[in-house]
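Asker:
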Ligand code: OAD
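Numbering (full-length UniProt numbering), first residue to last: 1 to 367.
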């Protein structure tokens with residue numbers, strides 16, 4: 001649907017950009033004094049923080065749940081499935097719970113847009129709260145798929161205390177409502193649930209944007225996936241993502257920066273002349289005081305700076321390569337712990353038997 005919309009609309013349209021390139025986009029931003037940027041993001045902007053996305057073939061959450069033989073990995077985020085069996089969600093929740101990760105350079109880029117008075121709205125599908133952590137004010141953020149910030153009973157809707165929730169998530173156990181004993185769920189939008197009111201109230205905003213930036217999303221989940229199409233014809237749209245998605249590139253004023261997001265963001269910032277400011281804004285999110293001390297240390301020689309950059313890149317490559325294995329290992333460990341805590345479970349049971357308490361519908365199917 002997205003591709004058709006773009007193609008049909010584009011035929012008679014005169015491009016606003018001189019060319020669909022980053023340089024032409026930067027020229028447009030400066031000359032037109034762009035001040036109403038709408039940003040739309042997904043899990044891809046948080047992967048370099050160490051949080052897996054959903055659909056990447058090896059490192060994505062859904063691929064890593066496939067080893068559990070779930071018929072539909074998306075069931076973990078399905079409200080009907082959760083009612084029957086909330087354990088798989090809580091086995092994962094600890095991994096995804098906010099507070100353990102540092103915002104990425106992409107989050108800081110959005111903060112920088114805000115600091116420059118250019119951010120109209122930031123639409124995110126992410127539940128990690130990293131844009132807030134990067135300093136983007138709450139009123140500028142639409143958390144389209146909710147967040148872990150609050151939680152409530154799925155039956156009586158009474159809110160559940162944050163501190164208790166934290167404890168349950170840390171133990172990967174399922175919390176129950178203090179009023180009616182119903183299941184408690186974070187205010188994350190599951191499949192089968194309505195999006196927050198704020199999303200619908202603001203979903204026409206892209207039409208008044210003078211620039212749209214889409215980063216780190218496969219644009220597969222609606223209604224979020226339709227947001228870029230709501231930008232007016234002639235409003236430049238920039239996609240920073242590993243691959244082309246959602247018909248982006250189908251309009252004459254679409255600019256594609258395909259590849260790694262951190263690299264793409266840095267490249268765009270460099271072209272804008274914002275590189276140093278961006279790194280400074282990102283450094284504010286650095287929780288390690290040692291790094292801050294290093295920042296105030298005497299200037300390094302060129303060779304020292306080069307060596308540091310090589311070390312940093314090497315560490316980044318190592319970490320990225322290790323992500324898939326480490327993530328799978330952590331999920332396995334957590335499920336193993338859950339299994340060990342179940343009455344009557346022995347550590348020697350086979351993996352499908354051992355997971356039967358977590359995924360009982362699978363156990364029935366395999367018999
Ligand atoms: P996906 O996992 O579907 O898409 C992430 C996109 O980011 C993919 O196109 C990746 O190739 C890209 N990507 C990941 N890391 C990248 C990197 N370092 N550099 C460049 N590109 C990178 O995630 P979302 O689109 O956010 O919903 O998924 C949408 C929704 O589906 C989620 O909000 C969640 C899920 O089911 C619910 O849970 C309701």
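From the three backbone atoms N, C-alpha and C, an ideal C-beta is built for every residue, glycine too. From a predicted model like this one, the values you see are computed outputs, not experimental measurements.
(1) What's the call for residue 184, buried or exposed, on a 16-neighbour Cβ count within 10 Å?
(2) Are the Cβ atoms of residue 119 and residue 169 separated by less than 8 Å?
(3) Out of 91, 129, 80 and 125, state which residue places its alpha-carbon closest to the alpha-carbon of residue 99.
(4) Can you tell me which of 203, 174, 155 and 253 puts its alpha carbon nearest to the alpha carbon of residue 15?
(5) Go through its chain and collect everything with a Cβ distance to residue 174's Cβ below 6 Å, but skip five positions before and after it.
(6) Using DSSP with H/G/I as helix, E/B as strand and the rest coil, what is residue 256?
(7) Can you list, in chain order, the residues of its chain with a C-beta nearer than 6 Å to that of residue 270? Leave out the 5 residues immediately preceding and following it.
(8) In whole angstroms, what separates the C-alpha of residue 351 from that of residue 51?
(9) Classify residue 166 as helix, strand or coil using the three-state DSSP reduction.
(10) Residue 262: which of 136, 103, 235 and 29 sits nearest, CA to CA?
(11) Run the CB neighbour count on residue 246, radius 10 Å, all protein chains shown included, and call it buried at 16 or more, exposed below.
(12) Which residues have a Cβ closer than 5 Å to any heavy atom of the ligand OAD, listed in chain order?
(13) Check whether the Cβ of residue 258 sits closer than 7 Å to any heavy atom of the ligand MG, and report yes or no.
(14) Report yes if the CB atom of residue 281 is closer than 8 Å to the CB atom of residue 162, and no otherwise.
(15) Could you check what DSSP says for residue 47 in three-state terms: helix, strand or coil?
(16) Less than 6 Å between C-beta atoms, sequence neighbours within five positions excluded: which residues of the same chain meet that for residue 365?
(17) For the beta strand (DSSP E) containing residue 213, list its first residue and its last residue.
(18) Are residue 285 and residue 43 closer than 8 Å when you measure CB to CB?
(19) With a threshold of 16 other CB atoms inside 10 Å of the CB of residue 137, please say whether the residue is buried or exposed.
(20) Tell me the DSSP secondary structure of residue 157 in three-state form.
(21) Is the number of C-beta pairs between the stretch 203 to 210 and the stretch 222 to 234 that are closer than 8 Å three or more?
(22) Quick one: measure Cβ to Cβ for residue 209 and residue 26, integer angstroms, because I've assumed they're closer than 8 Å.
(23) Compare the C-alpha of residue 97 against each of 180, 167, 234 and 181 and name the closest.
(24) Flag this pair as touching only if the stretch 142 to 160 and the stretch 176 to 192 have three or more C-beta atom pairs under 8 Å; answer yes or no.
(25) Alpha carbon to alpha carbon, how far is residue 197 from residue 49? Give it in angstroms, no decimals.
(26) What's the call for residue 236, buried or exposed, on a 16-neighbour Cβ count within 10 Å?
(27) Compare the C-alpha of residue 92 against each of 105, 80 and 75 and name the closest.
(28) Whole angstroms are fine: how far does the CA of residue 153 sit from the CA of residue 165?
(29) Quick one: what does DSSP say residue 185 is sitting in, helix, strand or coil?
(30) Give the list of continuous beta strand (DSSP E) stretches no shorter than 3 residues that lie fully inside the stretch 124 to 158.
(31) From residue 35 to residue 117, what distance separates their C-alpha atoms?
(32) So, at 6 Å on beta carbons, what are the nonlocal neighbours of residue 224 in its own chain, with the 5 sequence-adjacent residues on each side left out?
(33) Contact defined as beta carbons within less than 8 Å: I believe residue 108 pairs with residue 278. What is the distance between those atoms, to the nearest angstrom?
(34) Pull up the distance between the alpha-carbon of residue 139 and that of residue 41, whole angstroms please.
(35) Over what stretch of residues does the alpha helix (DSSP H) that includes residue 278 continue unbroken?
(36) Below 8 Å between beta carbons: does that hold for residue 199 and residue 79?
Answerer: According to the structure shown:
(1) Its Cβ being crowded by 16 or more others within 10 Å, residue 184 is buried.
(2) Remark: C-beta atoms of residue 119 and residue 169 do not approach each other more closely than 8 Å.
(3) Closest by C-alpha distance to residue 99, out of 91, 129, 80 and 125, is 129.
(4) In terms of CA proximity to residue 15, 253 leads the group 203, 174, 155 and 253.
(5) By the criterion of a C-beta distance shorter than 6 Å, residue 174 is surrounded in its chain by 86 and 90, once the five residues flanking it on both sides are discounted.
(6) In the displayed model, residue 256 falls within a strand according to three-state DSSP.
(7) Excluding positions up to five away in sequence, the list is empty.
(8) Residue placement at residue 351 cannot be trusted, given a pLDDT of 33 that sits under 50; the coordinates are not used to answer.
(9) Here residue 166 carries a helix assignment [DSSP, helix/strand/coil].
(10) Cα-wise, what sits closest to residue 262 is 103.
(11) The residue in question, residue 246, is buried, as its Cβ has 16 or more Cβ neighbours within 10 Å.
(12) Taking a cut-off of 5 Å from the heavy atoms of the ligand OAD, the residues with a C-beta inside it are 42, 43, 44, 47, 53, 54, 55, 77, 125, 145, 216, 217, 218, 221, 241, 242, 260 and 261.
(13) No copy of the ligand MG occurs in the structure displayed; its ligands are the ligand OAD alone.
(14) No, they are not a contact pair.
(15) In the structure shown, residue 47 sits in a helix (DSSP, three-state: H, G or I).
(16) Confidence at residue 365 is low in this model, with a pLDDT of 28, below 50, so the placement of that residue should be treated as unreliable; the coordinate-derived value is given next. Result list for residue 365: empty, nothing under 6 Å.
(17) 211 to 215 is the span of the beta strand (DSSP E), which, as asked, contains residue 213.
(18) Not closer than 8 Å, so no.
(19) So residue 137 counts as exposed.
(20) Looking at residue 157 - three-state DSSP - the assignment turns out to be coil, as it is neither helix nor strand.
(21) Contact between the stretch 203 to 210 and the stretch 222 to 234 is established, with three or more Cβ pairs separated by less than 8 Å.
(22) Rounded to whole angstroms, the Cβ separation of residue 209 and residue 26 is 17 Å, and the two are not in contact under 8 Å.
(23) Looking from the CA of residue 97, the closest CA among 180, 167, 234 and 181 belongs to 167.
(24) The count of Cβ pairs closer than 8 Å, one atom from the stretch 142 to 160 and one from the stretch 176 to 192, reaches three, so the stretches are in contact.
(25) Residue 49 and residue 197 have their C-alpha atoms some 29 Å from each other.
(26) Looking at its Cβ environment, which holds 16 or more other Cβ atoms inside 10 Å, residue 236 is buried.
(27) Closest by alpha carbon: 75.
(28) Each residue's Cα considered, the two are about 12 Å apart.
(29) Three-state DSSP puts residue 185 in a strand.
(30) If we require 3 residues or more, the beta strand (DSSP E) runs fully inside the stretch 124 to 158 come out as 141 to 143 and 146 to 153.
(31) Approximately 7 Å between the Cα atoms of the pair.
(32) Once the five neighbours on either side are set aside, the close Cβ partners of residue 224 are 125 and 144.
(33) Rounded to whole angstroms, the Cβ separation of residue 108 and residue 278 is 6 Å, and the two are in contact under 8 Å.
(34) The straight-line gap from Cα to Cα measures roughly 16 Å.
(35) 275 to 283 is the span of the alpha helix (DSSP H), which, as asked, contains residue 278.
(36) Against a cut-off of 8 Å, the Cβ pair of residue 79 and residue 199 comes out as no contact.
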